[in-house]
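Notes to accompany the following structure.
There are 2 protein chains.
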Amino acid sequence: MTTMKQIAQRVGVSVSTVSLVLNDRDGGRVKPHIAQRVRDAAEEMGYQPNALARSLRTNRTHIVGFISVEVATTPYAGRIIQGAQDALSELGYLLITVNGDDDKAVEGEIRALKRYGVDGFLYSAMSNRVVDVPESLCSFPLVLVDATDAENRFPSVEPDEFRIGYDATTRLIEAGCGHIAYIGCLQPMIAQTGRAEGYRQALADHGMRFDERLQCDVLNNGTALRAVEELYDAQRPDGFFCFNDARAWYVYETAARRGLTVGRDMSVVGVDNHRVFAETFSPQLTTIELPHYEMGYWAANRLVAAIGDRGVDEAQWPRMTAPLPPLDATSPAKVHCTLIEKESVRGGR
Amino acid sequence: MTTMKQIAQRVGVSVSTVSLVLNDRDGGRVKPHIAQRVRDAAEEMGYQPNALARSLRTNRTHIVGFISVEVATTPYAGRIIQGAQDALSELGYLLITVNGDDDKAVEGEIRALKRYGVDGFLYSAMSNRVVDVPESLCSFPLVLVDATDAENRFPSVEPDEFRIGYDATTRLIEAGCGHIAYIGCLQPMIAQTGRAEGYRQALADHGMRFDERLQCDVLNNGTALRAVEELYDAQRPDGFFCFNDARAWYVYETAARRGLTVGRDMSVVGVDNHRVFAETFSPQLTTIELPHYEMGYWAANRLVAAIGDRGVDEAQWPRMTAPLPPLDATSPAKVHCTLIEKESVRGGR
DNA sequence: ATGAAAGCGCTAACAG
DNA sequence: CTGTTAGCGCTTTCAT
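From first to last, the protein sequence lines are chains A and B. Here the first sequence is numbered in UniProt numbering, starting from 1 and rising by one per residue. Here the second sequence is numbered in UniProt numbering, starting from 1 and rising by one per residue.
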């Protein structure tokens, strides 16, 4: 590893000059031609700054920690992480990911991250819900991903849940469905309440009455299928908006058991959460994809802004499907979700 | 952040003494009672060592880099990473994961990791095959995971592919299958050749003739289903060993189209690679699970051993399904795979 | 415009 | 047994 000292000796200047030049802080301070010689030497000698030494001095590591709950149970964690990684990489940061599934272990990991002087943290929950942020993180720059702080102290990046419900329901209405059910989640998560509200609002906006018998909130367990079957037999809905793909599967199964086909005898729009079902039955399921990558990307940008290094550049975010929220590092951001058309909606496209 | 200096001042000793004590290098070198006072003070003041400063001095960061190819396309990357993470956490190391899908980008990431002085690298490919290790890694301690170095210069941790083929085929034979097909992979990966060999050897050991018409290597694309259907119609095998769950799906579909049921009319053992199918049809599919977590765990241990910090403690590896390979940091290791019984094998269990 | 010097927090060689 | 000293590679005043 070449050091600044070696460059300084080679060029015949002092380390300070080298430092100045190599950090682009020579502005009329170092004679251009000598600056050039420094740069050339650095290039030639393959100089790589020693990040450790720099960090020790500057109290800034350009490393951020990512604490991800349920990373083991969902295949989407990787996408969020990838989004964050890409953003951070562009901004000259490094990401250290730790699994937050084990409350005990995570405290240890957080301490380790702090020993290495991370500049801030990303905290994600994999499905939008209210979380208790570990106390040990509170004094650091922190951005939540797909989660909301119980006490609303931290910025977060989440899917626009209301809009998911609204768009999905509207899509069904536009396809001609007149009797639309919502198969929801019994746990009171933000994702559930937001989507349910969007569902109702869409009904209202299209002059359709909300009938609570058409809303069926279930846990993802044995009784769910029966509940969906009962709903179907009693109400005969022609359209289903499903909280996630696990719920969509119940509809699919209900249909199959009655000799019916999704996409012909009924329409389904589901949010793709667990991937399993979505991939297997994707041709038959109109899906709303959660923008995991984008959430990670956006959250990382937020975090870096909060760390105070650089702002967020809207132009550099080609993947956003909707305009960015205002560049305010403190207010929560909603991320728009895309509806992916498949063949499951009657009269689709 | 409390520093050693502060502790030293409080206790009234020098920094060196504090350093000695806090690193447990006081052995008859520091008077016990004063050592105790140092420890107490450290505890009281919530001392956390500054890893950066230490690393700058010792030239050892206790950080390792994980380069994972195809992290985006498989849900199992997370498990390998988790295994590595857990092992490293036990050993006092931190893991920085980067995506190796983009050859260009990965070089940049590697440089970044080097700037931060990582002690070594893990390199994984997600499906056992021969890889070209980036030149930039070669001068560092390196362990491959689920991959083999083309030039065999580096230790690797891989599934025991031969044994997968052997065990799967044996299981089918024991279930009474007399006409066993192998649906393999057309790409010449280690996983493919090893499993095919295991398949043939198992046949031979049970006095069954290998018939090449029963081996059908396909790509995972449109023509594969037809090939499997043709194989079935021509050969009428009663057992299938499938390279992965994508291949198993072709058998499942072939059966379904003929009104047949896996587990009754034929037996299937498949290796679970992509998860999608395996989760959806798990009741009908006897599965061989690749020990992703274990590979990560074991590889990380290897790497740390190679870095020269600590050896590997066999007793601390409860998850191994087979005896550990000898504790030699240079020779490749094979990891045993477990066959998970489901209902798909006729006469099973 | 450039260099000397101090210091980030820690470790390690060497005195005493 | 304990303290002094030097220095890891870099940034940052402060002189010159």
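Even glycine gets a Cβ: it sits at the ideal position worked out from N, Cα and C. All figures in this text were calculated on a predicted structure; none of them were measured in a lab.
Neighbour-count burial assignment, residue i, 16 or more Cβ in a 10 Å radius
i	result
residue 12/B	exposed
residue 239/B	buried
residue 206/A	exposed
residue 99/B	buried
residue 187/A	exposed
residue 167/A	buried
residue 78/B	buried
residue 16/A	exposed
residue 154/B	buried
Sequence-distant residues of the same chain with beta carbon closer than 7 Å to residue i, five excluded per side
i	result
residue 200/B	210
residue 170/A	202
residue 132/A	150
residue 32/B	none
residue 35/A	21, 26
residue 18/B	4, 7, 8, 38
CB contact flag (residue i, residue j, <7 Å)
i	j	result
residue 216/A	residue 203/A	no
residue 145/B	residue 266/B	no
residue 254/A	residue 228/A	yes
residue 192/B	residue 214/B	no
residue 185/A	residue 241/A	no
residue 103/B	residue 64/B	no
residue 56/A	residue 112/B	no
residue 148/A	residue 180/A	no
residue 61/A	residue 97/B	no
residue 292/B	residue 76/B	yes
residue 136/A	residue 110/A	yes
residue 233/B	residue 272/B	no
residue 248/B	residue 222/B	no
Partners in chain A for residue i, counting only beta-carbon separations shorter than 8 Å
i	result
residue 270/B	Simply none; closest approach about 15 Å.
Amino acids of chain B, ordered along the chain, whose beta-carbon sits closer than 9 Å to that of residue i
i	result
residue 96/A	63, 94, 95, 96, 97
residue 186/A	Here the premise fails: no neighbours, minimum Cβ distance about 22 Å.
Within chain B, partners of residue i - CB distance below 8 Å
i	result
residue 117/A	50, 51, 52
Proximal residues of chain B, C-beta to C-beta of residue i below 7 Å
i	result
residue 112/A	94
residue 6/A	Per Cβ cutoff of 7 Å: no residues; residue 6/A is ~16 Å from chain B at best.
Contacts that residue i makes with chain A (C-beta to C-beta distance below 9 Å)
i	result
residue 109/B	85, 89, 94
Chain-ordered chain A contacts of residue i [CB-CB under 7 Å]
i	result
residue 55/B	52
residue 9/B	By Cβ distance, chain A contributes nothing, its closest Cβ being about 21 Å from residue 9/B, past 7 Å.
Nearest candidate by alpha-carbon position, reference residue i, set the options
i	options	result
residue 194/A	291/A, 160/A, 212/A	160/A
residue 297/A	48/A, 16/A, 85/A, 143/A	85/A
residue 252/B	17/B, 225/B, 207/B	225/B
residue 128/B	176/B, 157/B, 117/B, 134/B	157/B
residue 302/B	293/B, 143/B, 196/B	143/B
residue 165/A	289/A, 14/A, 23/A	289/A
residue 208/A	221/A, 177/A, 223/A	177/A
residue 92/A	168/A, 260/A, 51/A, 167/A	51/A
residue 122/A	107/A, 101/A, 105/A, 80/A	80/A
residue 134/B	82/B, 67/B, 155/B	67/B
residue 107/B	138/B, 258/B, 82/B	138/B
residue 114/A	59/A, 130/A, 155/A, 101/A	59/A
residue 105/B	124/A, 287/A, 101/A, 82/A	82/A
Sequence-distant residues of the same chain with beta carbon closer than 8 Å to residue i, five excluded per side
i	result
residue 29/A	20
residue 2/A	42, 45, 46, 47, 48
residue 14/A	8
Close Cβ partners of residue i (< 6 Å) along its chain, the five nearest in sequence each way excluded
i	result
residue 182/A	199, 215, 241
residue 88/B	95, 300
residue 70/B	126
residue 250/A	224, 225, 228
residue 130/A	148, 150
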